[in-house]
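Number 36 in my numbering belongs to position 45 of the sequence shown; there are no gaps in the numbering. Think of the CB as a built atom: it goes at the ideal place given N, C-alpha and C, for glycine as much as any other residue. See structure below.
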Amino acid sequence: MYIMQNLWHVIILLYSSISVHSLNILGVFPYQGKSHFFVFEPYLQELARRNHNVTVISYFPQEKPIANYHDISLAGKTKILESVFPVDRSYWILMKIFSFLFEKGRDNCEVLLENENVQNLWQSETKFDVVVTEQFNSDCSLGLAYKLGAPVVGMTSHVLMPWHYERLGIHYNPSYMSFQFCEGGTKPTFYQRLERVVLHNLCTILYKYTCQRVNENQIQKYFDIPSLQDLAKDVKAVLMYTNFPVNGPGLYPPNVIEVGGYHVAKTKELPKDLKKFIEESEHGVIFISFGSMLKAATTPEDKVAAIVAAISELPQRVVWKWDGKVLPGNPKNVYLSNWLPQNDILAHPKLVAFYSHCGMLSTTEAIYHGVPMIGMPVFGDQPGNAAAMEESGLGVQIQIRDLTKETLLQKLKTILDPEFRRKVKELSAVWHDRPSSAMDTAIYWTEFVGRTKNYTFRSPAATVPFYQYLYLDIITLLGGPKKLKAQNADEDTGVSTMSTYSSSKFALVIAGLSTGIDFHGANSP
Ligand SMILES: *[C@@H]1O[C@H](CO)[C@@H](O)[C@H](O)[C@H]1NC(C)=O
Ligand SMILES: *[C@@H]1O[C@H](CO)[C@@H](O)[C@H](O)[C@H]1NC(C)=O
-8 MYIMQNLWHV IILLYSSISV HSLNILGVFP YQGKSHFFVF EPYLQELARR
42 NHNVTVISYF PQEKPIANYH DISLAGKTKI LESVFPVDRS YWILMKIFSF
92 LFEKGRDNCE VLLENENVQN LWQSETKFDV VVTEQFNSDC SLGLAYKLGA
142 PVVGMTSHVL MPWHYERLGI HYNPSYMSFQ FCEGGTKPTF YQRLERVVLH
192 NLCTILYKYT CQRVNENQIQ KYFDIPSLQD LAKDVKAVLM YTNFPVNGPG
242 LYPPNVIEVG GYHVAKTKEL PKDLKKFIEE SEHGVIFISF GSMLKAATTP
292 EDKVAAIVAA ISELPQRVVW KWDGKVLPGN PKNVYLSNWL PQNDILAHPK
342 LVAFYSHCGM LSTTEAIYHG VPMIGMPVFG DQPGNAAAME ESGLGVQIQI
392 RDLTKETLLQ KLKTILDPEF RRKVKELSAV WHDRPSSAMD TAIYWTEFVG
442 RTKNYTFRSP AATVPFYQYL YLDIITLLGG PKKLKAQNAD EDTGVSTMST
492 YSSSKFALVI AGLSTGIDFH GANSP
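In structure tokens:
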């Protein structure tokens, strides 16, 4: 019996080592945002656990060595980001955020290319089957992948950045697609659409000229590459950290794959006193956490006072992650701490509401555990996440400027309704219901790219010349004679034909602008 069992194990082992061809995978994650790597890390570890040989360039080397996982550490080269951003959103602050991102995109490229161990990879012509890399504020890593001759899988820890649409051949249409840095969802106001057109194009152009082009020059100092935008179009697949039941059904080509949810870890036991506090609540628990986004020192006092006043009137208990020592008025129903195991708290059946800044990871954990949310976006992609979250029915949003005791109580009343909660549980079930788990999906497509190196399945929209994409040549042909005729016709009809002609041209220009297509020639064949 014992021998039979062992034999069986040997057979299984042999079978799996034959059938699953292990890949040599290089992960390139040269951005030092902890919340980003927090998403990539479990995926990279899982690749190693599934017998792939994984080498990871990042700021976050493993503390304990893992089999098949090799670190090339960039740690210590740059400060880990723990920025505090102002609570108010303005166009000025948005521009500062873009300029910060592109500055980091340039700095990180330098740090990556200067690293001896990284240089070793291309000097020793190490062969990789796949390069997995973050698609965020720089395309520097695509130059490295090109030099190594490996196909690329892109990854995000959020929705696509504005400058990613064009390379993937996705038409950015402001009439129903949010611009993640601003408020508004799939039914924008006229002003929001105008805002989207202007900002989408502005930051795409800024990205191209203040980051991508600079990165090209930085790489050229070491080796020759085609343009980074061309390499970006060659990225085989992008694993996007979203899932449509919450983020909304988008129009994506087959190489943009939704894998949102795999970072959520197995639930662990709560610390004793916290567990007692939660379990002894009669009416359930509300969890408040604004991540590292709102600090006691930078949050306006009247806003903190409004939250305290609102929760003091509730029968529920409140667990609040806050870096301040005390709250005004010392409310009795609050458990205050500056560090809390968020995922384990959200998993507790006593949880009835989650008041959050609506970061992608927090939103993901809320839907995972089916906890109704109040989203109060502060910065980055949070306004877009909050709008999508509200439209999905996972919760409601509140803007900081509108936050008062009354408005907050009203929002809490909405999501504490048992019927609201029932619908959130239903939505959570839909969110979990997939042909394969988020992790399996992410690994599957990575292995797919490794197996089918020479196969490209991007949308042809990514490479079609812009004048054809917008049928400018056809419009010119059809509109041209009309214009001539109009000039010869009598004044009345002439004027009206002319104005129809110029308004259709105007519409086209706007359509062109909204796709973020580069009119400077880099996009033409
Ligand atoms: C795995 O990766 C490491 C580090 O990049 C490399 O030294 C080693 O040769 C690789 N092993 C195999 C079996 O390819
Ligand atoms: C990919 O193309 C190269 C060059 O044409 C060829 O040598 C290689 O065998 C192909 N790889 C696969 C997996 O088909």
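query                                                                                                              : result
Residue 58 classed as buried or exposed, judged by whether at least 16 other C-beta atoms fall within 10 angstroms : exposed
Residue from 180, 121, 196 and 119 whose Cα sits closest to the Cα of residue 155                                  : 196
Beta-carbon spacing of residue 332, residue 348 below 8 Å                                                          : no
Pairwise C-alpha distance: residue 143 and residue 354                                                             : 28 Å
Distance, residue 123 Cα to residue 114 Cα                                                                         : 20 Å
Own chain, CB closer than 6 Å to residue 250, minus 5 neighbours either side, in chain order                       : 230, 429, 432 and 433
Stretch pair the stretch 253 to 260 + the stretch 375 to 383: three plus CB contacts closer than 8 Å               : no
Local conformation of residue 228 per DSSP, three classes                                                          : strand
Alpha carbon of residue 328 to alpha carbon of residue 25, nearest angstrom                                        : 21 Å
Span of the alpha helix (DSSP H) around residue 20                                                                 : Element bounds for residue 20: not the alpha helix (DSSP H) but the beta strand (DSSP E), 15 to 20.
8 Å Cβ cutoff met for residue 171 and residue 374                                                                  : yes
First through last residue of the alpha helix (DSSP H) which encompasses residue 517                               : For the chain, the structure presents residues -8 to 516; residue 517 sits outside this window and is missing.
Nearest to residue 298 (by Cα), restricted to the options 393, 440 and 411                                         : 393
8 Å Cβ cutoff met for residue 386 and residue 361                                                                  : no
Alpha-carbon spacing of residue 96 relative to residue 32, whole angstroms                                         : 20 Å
Proximity to residue 136 [Cα-Cα], best of 273, 120 and 149                                                         : 120
Ligand 2 heavy atom lying under 7 Å from the CB of residue 164                                                     : no
Residue from 220, 412, 129 and 244 with nearest C-alpha to residue 162                                             : 244
Cβ-heavy atom distance, residue 15 to ligand 2, below 7 Å                                                          : no
Residue 206 Cβ short of 7 Å to ligand 2 heavy atom set                                                             : no
Given 8 Å, three or more beta-carbon pairs between the stretch 100 to 110 and the stretch 193 to 212               : yes
Identity of the residue in 343, 193 and 441 nearest residue 407 by Cα                                              : 343
6 Å Cβ shell around residue 444 - same chain, five flanking residues per side excluded                             : 142
Proximity test, residue 61 beta-carbon vs ligand 1 heavy atom, cut-off 7 Å                                         : yes
Through-space distance from residue 193 to residue 338, alpha-carbon basis                                         : 41 Å
Counterpart residues of residue 345 in DSSP-defined beta bridges                                                   : 278 and 364
Start-to-end residues for the alpha helix (DSSP H) that takes in residue 195                                       : 181 to 198
Residue 95: first and last residue of the uninterrupted alpha helix (DSSP H) it sits in                            : 82 to 105
Any non-hydrogen atom of ligand 2 closer than 7 Å to residue 118 Cβ                                                : no
Run of the alpha helix (DSSP H) containing residue 446, from where it starts to where it stops                     : Run containing residue 446: none; DSSP gives neither H nor E here.
C-beta atoms of residue 294 and residue 314 nearer than 8 Å                                                        : no
Heavy atom of ligand 1 within 7 Å of residue 44 beta-carbon                                                        : yes
Residue 44 - containing alpha helix (DSSP H), residue span                                                         : Taken as a continuous stretch (DSSP letters only), residue 44 belongs to no alpha helix (DSSP H), being part of the beta strand (DSSP E) at 44 to 49.
Beta-carbon separation (whole angstroms), residue 345 vs residue 278, contact threshold 8 Å                        : 5 Å
Residue 242, buried or exposed, once every other Cβ within 10 Å from all chains shown has been counted against 16  : exposed
Backbone CA spacing between residue 38 and residue 372 [nearest angstrom]                                          : 28 Å
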